[in-house]
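Mapped onto my numbering, the consecutive letters of the sequence shown carry residue numbers 1 to 326. What follows is a set of notes on a single structure, which appears directly below.
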Amino acid sequence: MGRPRSHLATVVLALAGAALVGCGDPPPAPPAPPKIPTPTADPSPRPPPTERPLPPIPEDATAHEVSNVLRDALGDDGDLRAAVPALRRLVETHYGVGTNAGGGGARVELLAGAVAMRAAEVARAAVEGPAPDPARARALLEIGTAALAAAEATDAPEAADLARARAWVDLAGPPFDAERVGRTAREAPEEYVLVVTDDFELGETLLSSVLRRWAKGAPVEIVARLTGHVRAGMRREPADEETELASVGKRIAAIGARPAGVLRADDPRIEASGLGPGTSVFLVRPGVMVQASRVLVARCAGRMIDPRVLDDPVRATFPNVQPAPK
């Protein structure tokens, strides 16, 4: 579940310097033709490569030079593996104090928090999109955990970010248990699309139009995530539960989807499953090892997402789903 960024996290981002500015934003797209094409790759940030060898940190490296290694690791093209030895060097040689981009002092606990936050972010992204990579995600979570341990900061707020990211990664199973994200419908199709979203998100034209197109050729189920608000134009307006359920029910019916459950704001399954804010879309298929089990094939998540990123696996599963209009 999303949470307001703490003061500590704000300080961490400032200390980590320019390398963190724009973290998680997709790279600029090339000039687009007049018609927007259907995306064929996950627009979320992807984890950095983990195969190339790490260059050693010179024995006589200053605290600022070691901190530069750390900032490089935190960059969009950086290798987070380099962050852990850099943090250890700061602890062992420089009294646990690094520097920020301007040369000022930065406690290693704050720098380790930045590494853990980044590791959680890219681990979540690694299991989203049409080609999930859970092994890479778990490796990144271990890096984040090791970073906090190196700074003796395992009780830092960013440890909760890692825990939520781990729950999100592990949600896939196998088997995938849809009840963990709020599905309560008694019977499930063998293959289906499951969406967890709220009234405001479901009012987004892009999301609703894609789900409507999918629903014409595939079973689409929607779990209503209650927030205490309904959509009124581009605003969120407070609403009681009855009003909110009625509004989201109308949107589900207009899409041609099937209501599959309700997830209230205080439901512990939100935290336990690692659900983030906004919308989560899951493509579910039958398992092959256990009878009646399901596997999570692909997913995407976030606020105001473009679910067309899952068009390829959805259409491969359901041939009757029409392609996105050109």
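Where is the CB? At the ideal position from N, CA and C, for every residue including glycine.
Stretch-stretch touch, CB-based, cutoff 8 Å, three pairs: the region 211-225 with the region 255-270: Under the three-pair Cβ rule at 8 Å, the region 211-225 counts as touching the region 255-270.
How far does the alpha helix (DSSP H) with P268 in it reach, from first residue to last? Counting along the chain, the unbroken alpha helix (DSSP H) around P268 starts and ends at P268 to S273.
Which residues does DSSP list as the beta-bridge partners of V297? Per DSSP, none; premise fails for V297.
First through last residue of the beta strand (DSSP E) which encompasses E187: Note, E187: premise wrong, no beta strand (DSSP E); not H, not E.
Cα-Cα separation between P277 and R315, rounded to whole angstroms: Each residue's CA atom was taken as its position, placing P277 and R315 some 26 Å apart.
I'd like the span of the alpha helix (DSSP H) that includes L328, first residue to last. What the structure shows of the chain is the stretch from 1 to 326, and residue 328 is not part of that stretch, so it cannot be assessed.
Less than 8 Å between the beta carbons of G98 and A63, yes or no? Yes. Within cutoff.
Give me the Cα-Cα distance between A163 and V127, rounded to the nearest whole angstrom. Approximately 15 Å between the Cα atoms of the pair.
Within the same chain, show all residues whose beta-carbon is closer than 7 Å to that of G145, passing over the 5 residues directly before and after it, in chain order. Before going further, note that residue 145 is Thr rather than Gly in the sequence given. Closer than 7 Å at Cβ, skipping near neighbours: L162.
With three or more beta-carbon pairs closer than 8 Å as the criterion, would you say the region 296-308 touches the region 167-187? Cβ pair count under 8 Å is three or more, so yes.
For the alpha helix (DSSP H) that contains F200, what are its first and last residues? F200 -> alpha helix (DSSP H) spans D199 to L202.
Verify whether the separation of the beta carbon atoms of A86 and A73 is less than 8 Å. Less than 8 Å divides the Cβ of A86 from the Cβ of A73.
So, is T197 buried or exposed, given that buried needs 16 or more other C-beta atoms within 10 angstroms? Buried.
Own chain residues within Cβ distance below 6 Å of R118, not counting five before or after: These residues qualify, in order along the chain: L74.
Compute the beta-carbon to beta-carbon distance between A150 and A125, rounded to the nearest angstrom, for a pair I have assumed lies under 8 Å. Contact between A150 and A125 fails: their C-beta atoms lie close to 23 Å from each other, not under 8 Å.
Examine the ligand ATP and report whether any of its heavy atoms sits within less than 7 Å of the Cβ of R213. Here there are no bound small molecules, and the ligand ATP is not part of this structure.
Reference E204, options V66, D77, G102 and V248, closest by Cα: Shortest Cα-Cα distance from E204 to any of V66, D77, G102 and V248 involves V248.
Under 8 Å between C-beta atoms, does L140 make it to chain B? No chain B is part of this structure, which consists of one protein chain only.
With which residues is L263 paired in a DSSP beta bridge? In DSSP, L263 forms a bridge with R225.
Quick check: what's the CA-CA separation for L275 versus D240? Taking the Cα positions, L275 is about 23 Å away from D240.
Whole angstroms is fine: what's the gap from N68's alpha carbon to A159's? If you draw a straight line from the Cα of N68 to the Cα of A159, it comes to about 23 Å.
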